[in-house]
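**Q** Under this note's numbering, the first residue of the sequence shown is numbered 32, with each subsequent residue one higher. Glycine is no exception: its CB is placed at the ideal position from the N, C-alpha and C atoms.
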Amino acid sequence: MDEGRPIFVQIAERLENAIIDGSLAEGAQAPSTTELAAFHRINPATAAKGVNQLVADGILHKRRGIGMFVSEGARGQLRERRRNAFAEQFVVPLVLEARKLGLDADELKNMIDKWGQGAAGTDPAGITQEGKR
Numbered sequence: 032m033d034e035g036r037p038i039f040v041q042i043a044e045r046l047e048n049a050i051i052d053g054s055l056a057e058g059a060q061a062p063s064t065t066e067l068a069a070f071h072r073i074n075p076a077t078a079a080k081g082v083n084q085l086v087a088d089g090i091l092h093k094r095r096g097i098g099m100f101v102s103e104g105a106r107g108q109l110r111e112r113r114r115n116a117f118a119e120q121f122v123v124p125l126v127l128e129a130r131k132l133g134l135d136a137d138e139l140k141n142m143i144d145k146w147g148q149g150a151a152g153t154d155p156a157g158i159t160q161e162g163k164r
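#1: To the nearest angstrom, how far is it from the Cα of Ala79 to the Cα of Lys140?
#2: Alpha carbons only, please: which of Val101, Glu57 and Ala118 is nearest the one belonging to Val86?
#3: Phe121 lies in the beta strand (DSSP E); which residues open and close that run?
#4: Let's see if you can read the secondary structure: which residues bound the beta strand (DSSP E) around Gly98?
#5: Does the beta-carbon of Val82 have 16 or more other beta-carbons within 10 angstroms, so that it is buried, or is it exposed?
#6: Looking at the secondary structure, which residues open and close the alpha helix (DSSP H) in which Arg113 lies?
#7: Hey, Gln108 and Ile90 are a contact pair by Cβ (cut 8 Å); roughly how many whole angstroms apart?
#8: Alpha carbon to alpha carbon, how far is Ala69 from Glu111? Give it in angstroms, no decimals.
#9: What's the gap between the Cα of Glu47 and the Cα of Thr65?
#10: By Cβ distance, which residues of its chain are closer than 8 Å to Glu57, with the 5 residues on each side in sequence left out?
#11: By how many angstroms is the C-alpha of Ala116 removed from the C-alpha of Glu44?
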């Protein structure tokens, strides 16, 4: 767990990540607050707060006497929300900075393509993560 952020937010994000990556499918039963609390060694009320946030957002829904389940359409909803957040946090500032530098769309795309290849372990200069060429 990240000490700098509220634990209930981290619990909600971990469940969201599991839904986005498909390890927690739509219609599947989500871990109970007791299971989450035991696994993460946290107060059950804290785990419940994270789960209840997802219920309020429509990502999870309760089935009385059975537990929490992933709502239909939750994966798409989460992916759309994350795409929007990604655009606001990264794409918009990137485009604004590119404009300041006088880069056109093609130059920016080429830079993204070039540096994106480095994400697989090698930067565009040919240096690996181990520092070797």
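**A** Taking the definition as stated:
#1: 43 Å
#2: Val101
#3: Looking at the DSSP string, Phe121 is not in any beta strand (DSSP E), and its letter there is neither H nor E.
#4: Gly98 to Val101
#5: buried
#6: Ala105 to Phe117
#7: 7 Å
#8: 31 Å
#9: 18 Å
#10: Ile50, Val101, Ser102, Glu103, Gly104, Ala105 and Arg106
#11: 14 Å
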